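Numbering (this note's numbering), first residue to last: 9 to 180.
Notes follow once the structure below has been shown.
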């Protein structure tokens, strides 16, 4: 495996402010940053549970769910659950929080990818790599989403946030 010291050493076109990588390149990047970066993020964000979700009420004792059956769903189907609260088979994933408000799954998976919100990281990830939408919501594919969130400039509330500028100086 070729070692790289910056992502710029991967030959890829640039579109706007983002480089456009193929799915296989994102998989390679995810593999290279898994141990030093992605594993730490997933430990903190999800307790390493790839099918956990929260309902958007941080620090308010909100219900948390874990749904192993989501391994059989695609990213697009998970996004639909976030938008409506219902799975493709009609399963109702909504829960009532401690304030009595019925909430849809908000942040999902290893890296707590959110949608819909001011951040819309699920929409962002699928906008960068649309083919990920048709892939299963597995830990391996979530790592690709995590890599996208780390290396691509992300616009959140009109601010472009480079989530991990250190990738230009660390050896992967």
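We put the CB at the ideal spot given by N, CA and C, even for glycine.
These numbers were taken from a predicted model, which means no experiment stands behind them.
Alpha-carbon to alpha-carbon, residue j and residue i
i           : j           : result
residue 133 : residue 81  : 17 Å
residue 33  : residue 40  : 11 Å
residue 95  : residue 83  : 12 Å
residue 152 : residue 74  : 21 Å
residue 157 : residue 119 : 9 Å
residue 77  : residue 161 : 32 Å
residue 148 : residue 155 : 11 Å
residue 92  : residue 131 : 15 Å
residue 89  : residue 109 : 17 Å
residue 191 : residue 144 : As displayed, the chain neither begins before 9 nor continues past 180, which places residue 191 out of reach and without an answer.
residue 57  : residue 30  : 27 Å
residue 135 : residue 51  : 26 Å
Per DSSP, cross-strand counterpart(s) of residue i
i           : result
residue 73  : 61
residue 115 : 62 and 122
residue 82  : 144
residue 94  : 100
residue 157 : BP columns for residue 157 are empty, so no partner.
residue 31  : DSSP lists no partner for residue 31.
residue 110 : 104
Secondary structure of residue i, DSSP reduced to three states
i           : result
residue 137 : coil
Self-check item: the stretch 39–54 / the stretch 98–108 touching (three or more Cβ pairs under 8 Å)
Solution: no
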